[in-house]
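Quick note, the sequence shown lines up with residues 854 to 1052 if you use this note's numbering.
Backbone N, C-alpha and C define an ideal beta-carbon position, used for all residues, glycine too.
Inspection log for the structure reproduced underneath, given as structure tokens.
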Amino acid sequence: MKKPLITTSLLLGALALCSVASPARAEETQPPPPSSPPPSSPPPASGSSFGGGAIGIGATASFAPATLSGTDALFVYDQPVFHLVAALGYFHESHANNTSNGDFRFGIGGWYHLARASMADFSVGGTVGLDYTSGPGAGGSGTAFMIAPGAEARLFLSPNFALMGDVGLVIIFGDNNHDTDFGIGGATVAAFGFTYFFR
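Here it is, written out as structure tokens:
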């Protein structure tokens, strides 16, 4: 008489166990939610193709006529389409006979990027400058003004470092160390230098 009761109890327990386990199995069979794609990184920029402005400092050596040749500090404001430059040079020499001479140079320029590559650019534009020299004795000082249209090429060895060279014509006028002389002359002018950009 007790066997049907035991069998019934076992059947009821097995059914209860199956009903409890079935929701858990249904949850386990659901696929996990898709993971979000990794953020896409921007393509690496190089050379002069950087967007936005950059400030650069460097040096330039000018091979102009004697009144305007020398090595100057260079400041550059770089944009994707153009760049602006300012050059500054100063030299002072004191002699043993209590005389001295000096040379002060300042110039500004603008360059339009006519062609650009990943690591270089080619620009057209020019610079204007002033050169003041002072020397001992009467008439030892003079002021010269320069206008130099031309072309410039820059090679970017890294995103922050560039070599540059420019070539063109130079027009000089002023007193040019003479009392009442005025002249306009044309000559080839070239300059080479480097710039480090803070990007």
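With a floor of 3 residues, list each beta strand (DSSP E) that falls wholly inside the region 958-1041, ordered by position along the chain.
-> Segments of the beta strand (DSSP E) lying fully in the region 958-1041: 973-987, 995-1011, 1014-1027.
What are the partner residues of Phe1045, as DSSP defines its beta bridges?
-> Ala914, Gly1018
Bridge-paired residues (DSSP) for His945 | Gly955
Do the CB positions of Gly988 and Asn950 come within less than 9 Å of each other?
-> No Cβ-Cβ contact shorter than 9 Å links Gly988 with Asn950.
With DSSP collapsed to three states, give me the class of Gly906.
-> Coil at Gly906, not helix or strand.
How big is the Cα-Cα spacing for Leu983 and Tyr943?
-> 12 Å
Helix or strand or just coil, what does DSSP make of Val929?
-> Under the three-state reduction of DSSP, Val929 is assigned to strand.
Consult DSSP for Val938 and reduce its assignment to one of helix, strand or coil.
-> strand
Whose CA, out of His948, Thr913, Val1020, Phe975, lies closest to the CA of Gly835?
-> Because residue 835 is not part of the residues shown, which for the chain are 854 to 1052, the question remains open.
If you drop the 5 nearest sequence neighbours on each side, which residues of the same chain put their C-beta closer than 6 Å to that of Ala1043?
-> Phe916, Val1020
Going along the chain, which residues of its own chain have a beta-carbon closer than 6 Å to the beta-carbon of Gly1027, five neighbours each way excluded?
-> Same-chain partners within the cutoff: Thr996, Ala997, Phe998.
Flag this pair as yes or no: are the beta carbons of Ala1119 and Val1023 separated by less than 9 Å?
-> Missing from the structure shown is residue 1119; the chain here goes from 854 to 1052 and no further.
How should Thr843 be labelled, buried or exposed, when 16 other C-beta atoms within 10 angstroms of its C-beta is the threshold for buried?
-> The structure shown does not extend to residue 843, since the chain is modelled only from 854 through 1052, so no value can be given for it.
For Ala939, which residues of its own chain have a beta-carbon under 6 Å away from its beta-carbon, when the five flanking residues on both sides are left out?
-> Phe928, Ile961, listed in sequence order.
Proximal residues to Arg1052 (C-beta, below 8 Å), its chain only, five neighbours per side dropped | Phe903, Ala907, Pro1012, Asn1013
Report the rounded CA-to-CA distance for Ala1015 versus Ile1025, giving the unit in angstroms.
-> 29 Å
Would Ala1004 pass as a contact of Gly963 if the rule is Cβ separation under 9 Å?
-> It is not a contact, given that the beta carbons lie outside the stated cut-off.
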